[in-house]
Amino acid sequence: MGAADTTNAVDFMVKRDDWRQCRFIPQAVESELQVGQVLFRVDRFAFTANNISYALAGDMLGYWRFFPTAEGWGRLPVMGFGDVIRSNHIAVPEGERVFGFFPMSTHLVVQADRVSPQQFVDASPHRGEFAPVYRQYSRVSGDPLYEAQYEDQFMLLWGLFLTSFLVDDLVAENGFFGARSFVLASASSKTAIALAFLLSERSRGRVIGLTSGDGEVVNALHHQLGDNVKYSRTPSRASGTAIRPDPHASSSVGRPWSAAYFASSR
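Numbered according to the working numbering, the sequence shown spans residues 2 to 267.
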């Protein structure tokens with residue numbers, strides 16, 4: 002284990018019922034780590050509209066419980082990179098760099114478990130209720146795709162690309178639900194952009210993007226999107242222009258057209 006001096010840390014906290022109220026709170030990290038614990042210095046993280054959705058659904062989906070703090074306050078989860086500056090786990094050396102969920106803080110203590118050359122998870126009791134993907138820390142030393150110059154892009158896109166990948170996999174496993182076209186709401190969002198890419202790679206059919214703006218971002222992805230339609234111009238069921246009627250679709254599910262719908266605001 003490293004030197005047993007106290008580490009000065011800072012937490013950024015948000016009032017859970019009034020996000021306009023924020024504060025920086027100095028903290029002192031305990032000098033002695035318990036067996037299996039690891040102390041990270043948070044190096045960098047991405048902060049996007051997706052993190053605001055964590056605050057919005059913080060109580061319902063448990064995001065505020067990732068990193069508990071004072072009553073009525075919360076620490077938003079963010080995706081980023083951190084470095085191990087102190088370790089009491091034999092398989093996690095000091096100097097290790099990882100990618101995963103961190104609080105908006107300068108430091109974080111985790112209980113390293115299920116350690117492999119590629120990753121480990123935080124087994125702290127307060128995070129035990131969450132899926133492993135939310136507790137996982139990927140070791141850059143064991144990631145063959147890691148390149149330091151692309152850390153910014155990785156922080157911004159990895160989490161939502163994973164969401165897109167899971168949607169694409171679900172659609173493919175279910176035979177595309179019989180769809181021959183795909184309508185993506187919020188087409189300029191990162192999730193929709195990644196999903197458009199994955200669907201276009203399958204060459205299954207047209208990928209149609211719905212957007213409320215001027216569509217500059219979507220137009221830049223014209224090779225992935227067959228059409229870019231503003232919400233104000235979205236055709237009705239009867240018009241059959243952007244949403245093509247399909248007489249073979251099952252009326253029992255209430256979708257008599259050949260498009261599958263996927264909405265995202267992230």
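Quick reminder that beta carbons are idealized off the backbone N, C-alpha and C, glycines included.
Contact between the stretch 98-113 and the stretch 59-77 is present: 3 or more CB-CB pairs across the two stretches fall below 8 angstroms. The beta-carbon distance between PHE48 and LEU109, rounded to whole angstroms, is 16 angstroms. This is too long to meet the 8 angstroms contact definition. Going by DSSP, ALA113 is part of the beta strand (DSSP E) stretching over 108-114. Straight through space, the alpha carbons of LYS191 and SER201 are spaced by roughly 15 angstroms.
Between ARG87 and the set GLY179, TRP20, THR164 and VAL36, the nearest pair of CA atoms involves VAL36.
In the assembly as shown, VAL11 is an exposed residue. Its beta-carbon has fewer than 16 other beta-carbons within 10 Å. By the neighbour-count criterion, in which 16 or more other beta carbons inside 10 Å mark a residue as buried, SER182 falls on the buried side. Per the C-alpha coordinates, the member of GLN150, GLY206 and ARG115 positioned closest to SER139 is ARG115.
For ARG45, the enclosing beta strand (DSSP E) starts and ends at 38-46.
GLN120 and GLN137 do touch by the CB rule: their CB atoms are close to 6 angstroms apart, below 8 angstroms. Rounded to the nearest whole angstrom, the C-alpha separation of TRP159 and PRO27 is 30 angstroms. In the DSSP assignment, ALA10 falls within the beta strand (DSSP E) that extends over 8-16. A Cβ-Cβ separation of about 19 angstroms leaves VAL141 out of contact with TYR135 under the 8 angstroms criterion. The residue among ASP19, GLU31 and TYR55 with its C-alpha nearest the C-alpha of LEU161 is TYR55.
With contacts defined by Cβ atoms closer than 8 angstroms, ARG17 and GLY59 form a contacting pair. DSSP lists no beta-bridge partner residue for TRP159. With contacts defined as CB atoms closer than 8 angstroms, GLY206 and ALA180 qualify as a contacting pair. Partner residues in a beta bridge of ASP60, as assigned by DSSP, do not exist.
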